[in-house]
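First comes the structure, then the notes that go with it.
Residue numbers (my numbering), protein chains in the order written: chain A, 14 to 143; chain B, 78 to 729.
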């Protein structure tokens, strides 16, 4: 199910474990070796709605280098709490089950893009195209 | 007041035995000795002098320094063997040498505290004899503040249960108590579970206030105020109009004819804010290390609760102490068809426009809802069984009713609904006890609230419940079962106000886990009713003051006034504000204050502190007012009801 931000909606704790944290017990190749950008948001939150188009554009920019997911803190409050989310919107960029970058609050596209670049660079995944 | 045994025990514990040693010809010795002796005459149960008079300076110094070396003995008191702890005592060579001891003996081992020489002794005496602050309840000096004497509940730090404190109910009181207890080191869990209203409405963590009470109410009241300002005030201040449009009406500005109001937008934005608060409270509990369980609890015994989650799975949780803070719910309308009515549980999230509304009841909930629904342009009728706002000041309640009538709210008085039926168009036909009937889109029942205790299993734990309102009686928030406590709306006799529950919750947590003995002060709590004409009050109503103190002992000062901002709007020509002070004639103490006008809550808050300090009417009158405001009207009150003079305010 595609969420308003363009990312795939995560609807269960298991799905979070498999698609974001990367289940270590699942057979290789692991589901995704790409970093995963997870947007924690809720339908009643104004700034979250402002963030949706930003995430959508970033998703387009990094389409082959980044997976994007969205989690509603209303539906999965425990996943959000365990991830340390205390305000929304919060974007966590995961790789290999670890958080590589945290962005709290609604940010502009270039700010989010810079954060994604930083993660990709650290992972040695920043390509030479563009 | 403390029991005689407790008083004697505390007196014995605090009697000071003051030893003064010196030589008889020393003036300082005699002075210190005589001051302590005088205090001993004045407060024989609290201070006693033991004098050690030496015949000569040599004899004194022999005892103090060279021979017995008393001062070294004192200097070593309380320290490890042989070590000198108190250098001041070790070096004191002059007369007198003063100390506190546990008894009248002259051994150094009885010494509890070294005082010093004459100056030190006099300083000690001054602080001993200083007046203590008078308690807000006017308790006499020396009698001490009232203490919350709770029954021991058997709580021990090494108990075998899951939690030190289990809180039932995540509302204003429950959350405040749980966070305070956790900050004091207790292991705390909160059970919060919202049983859907008969109409099926549910909500998140935070209780009544956040979800279906104060918060959405105030926002919707504000919507009505904004409407009123836009229609009645703005055009006359030139806002949203031009001279050209004004010209059409004899050169005068006129009220704006705004008919549009979007219920959908109001409801959505209000609910978004409420959801934000639900989220904030969840995060808050987590940060304060309070476990939150979205489960319904039922007592199995005095230390066990059976839990049920939303899927129906059951479990148990054990606790040393339990706090019941489950609040109340609206009482349903009992006539045939009464289930067609909604309540305050539903109105703030109603998924359709309320349309034409009948509010049943004359409580503040009914009048506040009727008020804002009318203010945002809906057709509103209020069905009143007898009087408006029972329990509040009668004169003020009547003025509120008159204002609402002038704003277009229809009142049917002396009636109750006898039947409600669904019509073919899906509306509700209501028949009243006077035989009349009418059709409404929405019927809002606000006839009272009862404690939410029916399925708590209180009989399994021996907690008594008042059958009239399903609330739990308590003393110092402790129920008939010592380890079960109660606060907030569900406690019998507690004012149904969020800040009261919060304060009571924190104060109880401090008593249970922080060693405090201070009781919650339920007196002189200021409160505001957010009807279209807002009403703020603290202390006695005029009616209660007259019945308790008698007409001959009470003076009432009153005044009608026009808030400056209303003077420019022609439609407000008949609107007036009102304020009243109920005063004890003999002591001049203010018994109660009442205010009807804009911003009643803001006006009243400061007076709450004044009342707490026991202010006199002259204190209020001597306060220089802030001008131009409505609050300052209190400072210029002068006309008494008894005089019969005109109570309308004069000019500047």
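Glycine included, every Cβ here is placed at the ideal spot set by N, Cα and C.
A quick note: this is a predicted structure, and the numbers were derived from the prediction, not measured.
In the structure shown, what three-state DSSP assignment does residue i receive?
i                     : result
residue 64 (chain A)  : helix
residue 236 (chain B) : coil
residue 665 (chain B) : coil
residue 285 (chain B) : helix
residue 550 (chain B) : coil
residue 122 (chain B) : coil
residue 340 (chain B) : helix
residue 555 (chain B) : strand
residue 292 (chain B) : helix
residue 195 (chain B) : helix
residue 83 (chain A)  : strand
residue 241 (chain B) : strand
residue 673 (chain B) : strand
residue 44 (chain A)  : Because residue 44 (chain A) sits at a pLDDT of 49, beneath the cut-off of 50, its placement in the model cannot be relied upon, and the point is left open.
residue 25 (chain A)  : coil
residue 128 (chain B) : strand
residue 369 (chain B) : strand
residue 698 (chain B) : helix
residue 220 (chain B) : Caution is warranted here: a pLDDT of 40 is assigned to residue 220 (chain B), below 50, making its placement in the model unreliable, and no coordinate value can be reported.
residue 518 (chain B) : coil
residue 378 (chain B) : strand
residue 50 (chain A)  : strand
residue 105 (chain A) : strand
Using CA coordinates, which residue listed in the options is at the minimum distance from residue i?
i                     : options                       : result
residue 366 (chain B) : B:341, B:259 and B:171        : B:259
residue 377 (chain B) : B:423, B:283, B:357 and B:399 : B:399
residue 652 (chain B) : B:389, B:484 and B:290        : B:484
residue 101 (chain B) : B:528, B:229 and B:137        : B:137
residue 609 (chain B) : B:531, B:443, B:709 and B:552 : B:443
residue 496 (chain B) : B:514, B:701 and B:171        : B:514
residue 356 (chain B) : B:344, B:345 and B:369        : B:369
residue 732 (chain B) : B:641, B:380 and B:595        : Any property of residue 732 (chain B) remains undetermined from this structure, which presents chain B solely from 78 to 729.
residue 102 (chain A) : A:86, A:123, A:76 and A:29    : A:86
residue 98 (chain B)  : B:131, B:104, B:115 and B:112 : B:131
residue 184 (chain B) : B:636, B:164 and B:152        : B:152
residue 354 (chain B) : B:724, B:281, B:583 and B:541 : B:281
residue 371 (chain B) : B:284, B:435 and B:412        : B:284
residue 406 (chain B) : B:722, B:203 and B:275        : B:275
residue 613 (chain B) : B:585, B:669, B:581 and B:566 : B:669
residue 303 (chain B) : B:553, B:454 and B:658        : B:454
residue 494 (chain B) : B:363, B:510 and B:611        : B:510
residue 172 (chain B) : B:506, B:148 and B:677        : B:148
residue 337 (chain B) : B:195, B:659 and B:305        : B:305
residue 165 (chain B) : B:179, B:187, B:538 and B:197 : B:197
residue 490 (chain B) : B:500, B:477 and B:458        : B:458
Please list, in chain order, the chain D residues whose beta carbon lies closer than 7 Å to that of residue i.
i                     : result
residue 360 (chain B) : No chain D is part of this structure, whose protein chains are labelled A and B.
What residues in its chain sit with their C-beta under 8 Å from that of residue i, if we drop five residues either side in the sequence?
i                     : result
residue 574 (chain B) : 602 and 604
residue 72 (chain B)  : There is no way to answer for residue 72 (chain B), as the model of chain B reaches only from 78 to 729.
residue 49 (chain A)  : 32, 33, 79, 80, 81, 82, 106, 107 and 108
residue 730 (chain B) : Residue numbering for chain B in the displayed model covers 78 to 729; residue 730 (chain B) lies beyond these limits and cannot be assessed.
residue 701 (chain B) : 712
residue 307 (chain B) : 317, 333 and 335
residue 572 (chain B) : 599, 602 and 604
Under 7 Å Cβ to Cβ from residue i, same chain only, skipping five residues before and after it: list those, please.
i                     : result
residue 74 (chain A)  : 126
residue 630 (chain B) : 661, 662 and 663
residue 20 (chain A)  : 52, 68, 72, 81, 82 and 83
residue 717 (chain B) : 632, 633 and 634
residue 429 (chain B) : none
residue 195 (chain B) : 105, 108, 109 and 173
Here's a check: name, in chain order, each residue in its chain whose Cβ is nearer than 6 Å to the Cβ of residue i, leaving out the five neighbours to either side.
i                     : result
residue 522 (chain B) : 410, 418, 420 and 437
residue 685 (chain B) : 603 and 615
residue 298 (chain B) : 449 and 607
Exercise for the section: Ignoring anything shorter than 4 residues or poking outside the stretch 569-610 of chain B, list the alpha helix (DSSP H) runs there in chain order. Expected result: 575-590
Handout entry: Any alpha helix (DSSP H) of 4 or more consecutive residues that is wholly inside the stretch 437-503 of chain B
Key = List check, alpha helix (DSSP H) in window: 441-452 and 471-483.
Practice task
Return the residues of the stretch 47-64 of chain A that lie within a Cβ-Cβ distance of less than 9 Å from chain B, sorted by chain order.
Solution key: Within the stretch 47-64 of chain A, 55, 56, 57, 58 and 59 place their CB atoms closer than 9 Å to a CB of chain B, listed in sequence order.
Problem - Positions along the stretch 68-86 of chain A whose CB lies within less than 8 Å of some CB in chain B - result: 86
Practice task
Name, going along the chain, the residues of the stretch 116-130 of chain A whose beta-carbon falls closer than 7 Å to a beta-carbon of chain B.
Solution key: none
Practice task
Please specify which runs of the beta strand (DSSP E), each continuous and at least 3 residues long, are wholly inside the stretch 388-433 of chain B, giving them in chain order.
Solution key: 391-401 and 405-407
Exercise for the section: Could you please tell me which residues of the stretch 362-379 of chain B, in chain order, have their CB closer than 8 Å to any CB of chain A? Expected result: Hits within the stretch, in order: 363 and 364.
Problem - Residues in the stretch 461-472 of chain B having any Cβ partner in chain A nearer than 7 Å - result: none
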